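A.B. asks: Take 285 as the starting number for the sequence shown in my numbering and just add one per residue. My questions will all concern the structure given below.
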Amino acid sequence: MTALQKVEENVNLTAKCCVRFSGVFPNADCRWFINDTQNFDVTKLIIVNNTLEENVSCCAFSLLAKRNVHRQSLKCLVENNLNAFDKSPIYVLHPAHAWWEPPHAFASSMIADRSQTVNVTCLSEGYPSPAVHLQIKNTDEHDQWFSLPSTAELLEDSITFQRWQFQLRLINNTSLFLRCFASNNQTNATIDEGFLVEISHGYPIPNVHLESSKDGEIWHSLQLTSVSNVTSNFTNRVIYQLNTTVPGTTYYRCLAQNSNDELAYSDILHINVQKTIQQLLMDYMVLIIPFVAVAAVASLICLRDQAVLKITAVTERAKSRTSTNCKTDFKDQGRNHPSE
């Protein structure tokens, strides 16, 4: 069979299947198959060359090229005693198209957490295989679309489409529009309208706890009641009061949760308590630890009749002399003592 040329979509694709024989012309038919499934009328062999050295007969075939036969195999079978056959792949040139694949079937937008890295999945089709990009709409530039500097990972390459995955680090405090974009230099490319990425800011307000550890590995929850709780738009500030008389190093961390399955932790604060002669006269020290609770961000995903809450930590650091989001203030009857 003559090799098929790449053909534009909606243009007739033609093929010719020939067989060499000696002696009497074979009384045979040509049967045409796509992927071994016969879908077309039988065509007759016609003698195209009849010499003493060689007899050749051929049959012709024509098909209106559609993208649903792209990368399929066209097979010609000459029915005679030998049942000779040949195959050739079909390539149909068609414009690129890319679209977003939601994480769930009924999702119309993506809900993500501020400062989170999210995976965006795009599907694409077209031949030649298109270049695929993740683009963002810039509302300050007359709604122009710009490609993000992220490289796609090819997850799947099937006969009809490709599946790509982009990783995107979200730094915006406001929602944004993204779209999957593909190009392969074919005209009439289909451009996706895009989808909304909604940025969550820790709602509902998380439950906050304080934990302590002597070695930084085994942690214990402190059953304390907060002495202050102030909530603003993006920050939940909780203050606990601790009484300690044991010298040495103790580790503390803040824990936040607004679902039953995931937790968010703050950075670890270590406090080294050292008693001086003056401090030995104290019955106890009052340790006040104000900290900014980890703003655990929740996103609600509806799956039929159940709801799943996903949590990712977004930290707001308090302005203090420490490198964490906690600060210490030792007080003893109006006198301040330095902490380490």
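The beta carbon of each residue, even a glycine, is placed where N, CA and C say it ideally should be. What you are looking at is a predicted structure, and each value in this text was computed from that prediction instead of being measured.
Quick one: what's Q419 bridged to in DSSP?
C.D. replies: Note: Q419 sits in a beta bridge opposite S431, R463.
A.B. asks: Alpha carbons only, please: which of S434, E440, I475, L547 is nearest the one belonging to N491?
C.D. replies: If we check each option's Cα against that of N491, L547 comes out closest.
A.B. asks: For the putative contact between R537 and E495, defined by C-beta atoms under 8 Å, what is the C-beta separation to the nearest angstrom?
C.D. replies: Confirmed, about 5 Å.
A.B. asks: Give a yes or no on whether the C-beta atoms belonging to V291 and V376 are separated by under 8 Å.
C.D. replies: Taking 8 Å as the Cβ cut-off, V291 and V376 qualify as a contacting pair.
A.B. asks: From Q428 to Q419, what distance separates their C-alpha atoms?
C.D. replies: Computed Cα separation, rounded: 10 Å.
A.B. asks: Could you check which residue in I318, C302, A396 has the C-alpha nearest to that of I483?
C.D. replies: Among I318, C302, A396, the Cα nearest to that of I483 is on A396.
A.B. asks: Look at the alpha carbon of S467 and the alpha carbon of D476, and state the distance between them as a whole number of angstroms.
C.D. replies: Using only the alpha carbons, I get a separation of about 12 Å.
A.B. asks: Could you have a look at D551 and say whether DSSP puts it in helix, strand or coil?
C.D. replies: The answer is coil: DSSP assigns D551 none of H, G, I, E or B.
A.B. asks: Can you give the beta carbon distance from A312 to E363, rounded, assuming they're within the 8 Å contact cut?
C.D. replies: Sure, about 5 Å apart at Cβ, within 8 Å.
A.B. asks: Pull the bridge partners of Q541 from the DSSP assignment, please.
C.D. replies: For Q541, which the question treats as bridged, DSSP gives the partners N491.
A.B. asks: From S306, D370, Q470, C343, pick the residue whose C-alpha is nearest to that of N319; which is it?
C.D. replies: It is D370 whose Cα lies nearest to the Cα of N319.
A.B. asks: Please return the same chain residues whose Cβ sits closer than 8 Å to the Cβ of K498, not counting the five positions on each side in sequence.
C.D. replies: Answer for K498: G532, T533, T534, Y535, listed in chain order.
A.B. asks: Beta-carbon within less than 6 Å of L361's beta-carbon, same chain only, minus the 5 sequence neighbours each way: which residues are those?
C.D. replies: Cβ within range, chain order: R315, F369.
A.B. asks: Kindly list the residues whose CB is nearer than 7 Å to the CB of T471, restricted to its own chain and excluding five residues on each side of it in sequence; keep chain order.
C.D. replies: P379.
A.B. asks: On the DSSP bridge assignment, give the partners of V303 in chain order.
C.D. replies: For V303, which the question treats as bridged, DSSP gives the partners S341.
A.B. asks: With DSSP run on the structure shown, which of helix, strand or coil describes Q289?
C.D. replies: Q289: coil per DSSP, three-state reduction.
A.B. asks: List the DSSP bridge partners of N403.
C.D. replies: In DSSP, N403 forms a bridge with Q451.
A.B. asks: On the criterion of 16 or more Cβ atoms from any shown chain inside 10 Å, does E501 qualify as buried, or is it exposed?
C.D. replies: With fewer than 16 other Cβ atoms within 10 Å, it is exposed.
A.B. asks: So, do the region 386-395 and the region 438-455 have three or more beta carbon pairs nearer to each other than 8 Å?
C.D. replies: Segments in contact, no.
A.B. asks: Quick check: A299 and S372, are their CB atoms within less than 8 Å of each other?
C.D. replies: Yes, these two residues count as a Cβ contact at 8 Å.
A.B. asks: Would you report the Cα separation of L480 and H381, rounded to the nearest angstrom?
C.D. replies: Cα to Cα, L480 sits roughly 19 Å from H381.
A.B. asks: Going by DSSP, what residue range makes up the beta strand (DSSP E) through E437?
C.D. replies: 437-441 is the extent of the beta strand (DSSP E) around E437.
A.B. asks: Taking DSSP as the reference, what is the three-state secondary structure of N556?
C.D. replies: In this structure, N556 counts as strand in the three-state DSSP scheme.
A.B. asks: So, for S263: in the same chain, excluding its five sequence neighbours on each side, which residues have a beta-carbon less than 8 Å away from its beta-carbon?
C.D. replies: Here the chain covers residues 285 to 624 and nothing more, so residue 263 does not appear.
A.B. asks: Skipping 5 residues on each side, what residues in its chain have a beta carbon closer than 8 Å to that of K328?
C.D. replies: Within the same chain, K328 has close Cβ partners D313, C314, C343.
A.B. asks: Which same chain residues, not among the five before or five after E437, have their C-beta less than 6 Å away from its C-beta?
C.D. replies: Excluding positions up to five away in sequence, the list reads Q449.
A.B. asks: In or out: D359 buried (at least 16 other Cβ within 10 Å) or exposed?
C.D. replies: The identity of residue 359 in the sequence shown is Lys, whereas the question assumes Asp. Its Cβ being crowded by 16 or more others within 10 Å, K359 is buried.
A.B. asks: What residues in its chain sit with their C-beta under 7 Å from that of N422, if we drop five residues either side in the sequence?
C.D. replies: If we look at N422 and ignore the five residues flanking it on each side, its Cβ neighbours are Q428, F430.
A.B. asks: Name the two residues that bound the continuous beta strand (DSSP E) containing K647.
C.D. replies: Because the chain is modelled from 285 through 624, residue 647 falls outside the range shown and cannot be assessed.
A.B. asks: What would DSSP say about D370, mapped onto helix, strand or coil?
C.D. replies: It is a strand residue.
A.B. asks: Compute the beta-carbon to beta-carbon distance between E284 and R351, rounded to the nearest angstrom, for a pair I have assumed lies under 8 Å.
C.D. replies: This structure leaves residue 284 out entirely; the chain is present only between 285 and 624.
A.B. asks: With DSSP as the reference, label D499 as helix, strand or coil.
C.D. replies: Correct three-state label for D499: coil.
A.B. asks: Leaving out five residues on either side along the sequence, give the residues of the same chain with a beta carbon under 6 Å from the beta carbon of S346.
C.D. replies: For S346, where only same-chain residues beyond five positions count, the Cβ hits under 6 Å are N296, T298.
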